[in-house]
Amino acid sequence: MCGPAVRIPNAMEIYALQPVSGGVAPKWLNPGLIERVPVNGSQVTLDGMELRLCGRRTASGKVRSGEYHIPPGTLVEVWRDADGLFVCARAADVDSVRVGQLARDAALRAAVKEREQRLRAQAAAFNADLAIPLRWAPGVTEDDRAQQDGASEQSSDRVIHILLRESIHDGRLVRKAGDLLCRRSAGLGSGRRQVPRPVEGAQVTCKECLAFAKRWRSD
Ligand SMILES: [Zn+2]
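Counting from 302, one number per residue, gives the positions in the sequence shown under the numbering used here.
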């Protein structure tokens with residue numbers, strides 16, 4: 302993410318607020334509500350309710366009581382915590398934490414994308430090195446997926462086969478287009494779903510397929 306350098310506070314100061322006067326407006330029953338108001342003295346006024354800054358939240362979530370002064374006019378963001386207590390933090394702190402989070406998220410996404418691209422390049426180089434003189438694609442079968450319960454499409458645990466796009470009759474190796482190199486699709490147990498399908502950009506991992514493919518390697 303481009304932009305000015307962002308100062309990220311180590312820990313955003315969160316202050317506890319104590320109602321001094323006025324009732325809680327019904328809209329504040331909504332736990333997700335956030336509002337920004339200026340500090341006046343050591344108090345804020347929220348929908349007719351006066352709240353006093355009465356302490357500061359520690360990292361463990363406890364409130365350390367005390368007098369806390371935020372310069373008058375400073376904008377604070379007010380919300381209710383998980384226990385329904387009113388708390389606030391300087392709006393500027395909240396913003397820089399959010400911007401910092403956005404920057405971290407963007408950096409993380411960039412790293413994930415870079416890793417995916419690197420893995421795809423590795424897979425492409427590995428697959429090309431197999432020097433298979435037939436049209437083919439990396440492929441998986443539903444059967445393998447059932448065995449690897451829960452393995453996702455991108456999971457490195459999936460067995461990636463060599464899925465042939467054309468037939469071959471080479472000595473004892475007889476395969477049709479749509480077969481895997483390691484086994485024929487026809488003649489497998491009925492009722493088992495054995496429809497290989499291609500997985501773009503995946504690296505072949507099936508040991509049997511790789512063993513069959515050795516016949517085409519000159520080294
Ligand atoms: Zn295979």
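A virtual CB, placed ideally from N, CA and C, is assigned to each residue, including glycine.
Note that the coordinates shown come from a computational prediction; the quantities given were computed from them, not determined experimentally.
Practice task
At 3 residues or longer, and completely inside the region 329–395: list those beta strand (DSSP E) runs for me, N to C.
Solution key: 335–339, 344–347, 350–358, 364–366, 376–381, 387–391
Exercise for the section: Check whether the Cβ atoms of V377 and R337 sit closer than 8 Å, and answer yes or no. Expected result: yes
Problem - Distance cut-off 7 Å: I433 Cβ against heavy atoms of ligand 1 - result: no
Exercise for the section: Can you have a look at W437 and say buried or exposed, based on whether 16 or more other CB atoms are within 10 angstroms of its CB? Expected result: buried
Exercise for the section: With a threshold of 16 other CB atoms inside 10 Å of the CB of L330, please say whether the residue is buried or exposed. Expected result: exposed
Handout entry: Straight-line gap, A404 to D382 (C-alpha atoms, nearest Å)
Key = 25 Å
Exercise for the section: Could you tell me the distance, in whole angstroms, from the CA atom of R265 to the CA atom of G356? Expected result: Because the chain here runs from 302 to 520, residue 265 falls outside it and cannot be looked at.
Handout entry: Start and end residues, alpha helix (DSSP H) containing L474
Key = Here L474 belongs to no alpha helix (DSSP H); instead the beta strand (DSSP E) covers 474–476.
Handout entry: Exposure of A360, with buried meaning 16 or more beta-carbon neighbours within 10 Å
Key = exposed
Practice task
Return the CA-CA distance between P434 and R518, expressed in angstroms with no decimal places.
Solution key: 10 Å
Exercise for the section: Name the one or two DSSP bridge partners that D471 has. Expected result: L474
Handout entry: alpha helix (DSSP H) segment containing A512, residue limits
Key = 508–514
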